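If you read the sequence shown in my numbering, its first letter stands for residue -2, the second for the next number, and so on. We put the CB at the ideal spot given by N, CA and C, even for glycine. Keep in mind the model is a prediction, meaning the values are calculated, not measured. Working notes for the structure below.
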Amino acid sequence: MYHTKLSEHIKLSDARFYKGTLFQSAHMLVGIDCLSVGQTQPPHLHRGHDKMYYVQSGIGQFTIADETFVATAGDVVWAPADTTHSVINTGDEPLIMLITMAPEPR
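See below:
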């Protein structure tokens, strides 16, 4: 399959933020991260892999290394490899983000 609709992959849970994979190969992972109001993607990093977030909808407070800022729909945020990053949904609607990175080794 070479095509999908992002809207078909949006899932929300009050218990935990949702991560889904739209496509994965040996060279690239494309996914979706969905955070309900107030949910947090805790600080983490990816060894040897850059990560990109495209904010589809909502408002998020991002921390990349020691810089904290707000991103809204249409913004692109990236976390360099080996750099701690986190996201908090600070808005009043779901935070939906398309993400891409090299996949973790299996």
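*Nearest-angstrom Cα distance between threonine 81 and valine 74?*
As a first step, residue 81 is located in the sequence shown; it is residue number 84 there, counting from the start. As a first step, residue 74 is located in the sequence shown; it is residue number 77 there, counting from the start. Using only the alpha carbons, I get a separation of about 13 Å.
*Beta-bridge pairing of tyrosine 15 - partner residues as DSSP gives them*: The residue labelled residue 15 in the question sits at position 18 within the sequence shown. Tyrosine 15 is bridged to Cys31.
*Between Ser4, Arg13 and Ser10, which lies nearest to leucine 19 when the distance is taken from Cα to Cα?*
Here residue 19 refers to the residue found at position 22 when the sequence shown is read from its first residue. Nearest of Ser4, Arg13 and Ser10 to leucine 19, Cα basis: Ser4.
*With respect to the beta strand (DSSP E) encompassing threonine 1, which residues constitute its N-terminal and C-terminal limits?*
To locate residue 1, count along the sequence shown from 1; it is residue 4. Where threonine 1 is concerned, there is no enclosing beta strand (DSSP E), given that its DSSP letter is neither H nor E.
*asked:* Judging by CA-CA distance, which residue of Phe14, Ile7 and Gln21 is the nearest neighbour of proline 100?
replied: By one-based count along the sequence shown, residue 100 stands at place 103. The option with the nearest alpha carbon to proline 100 is Gln21.
_Straight-line gap, threonine 69 to threonine 1 (C-alpha atoms, nearest Å)_ = To locate residue 69, count along the sequence shown from 1; it is residue 72. To locate residue 1, count along the sequence shown from 1; it is residue 4. Each residue's Cα considered, the two are about 23 Å apart.
*Can you have a look at lysine 8 and say buried or exposed, based on whether 16 or more other CB atoms are within 10 angstroms of its CB?*
Counted from its first residue, the sequence shown places residue 8 at position 11. Its Cβ having fewer than 16 others within 10 Å, lysine 8 is exposed.
*asked:* Buried or exposed for methionine 25, going by 16 or more other Cβ atoms inside 10 Å?
replied: Position 28 of the sequence shown, counted from the first residue, corresponds to residue 25. Exposed is the call here.
_isoleucine 96 versus alanine 78 - alpha carbon distance_ = Taking the first residue of the sequence shown as position 1, residue 96 is located at position 99. Taking the first residue of the sequence shown as position 1, residue 78 is located at position 81. In a straight line, the C-alpha of isoleucine 96 is about 14 Å away from that of alanine 78.
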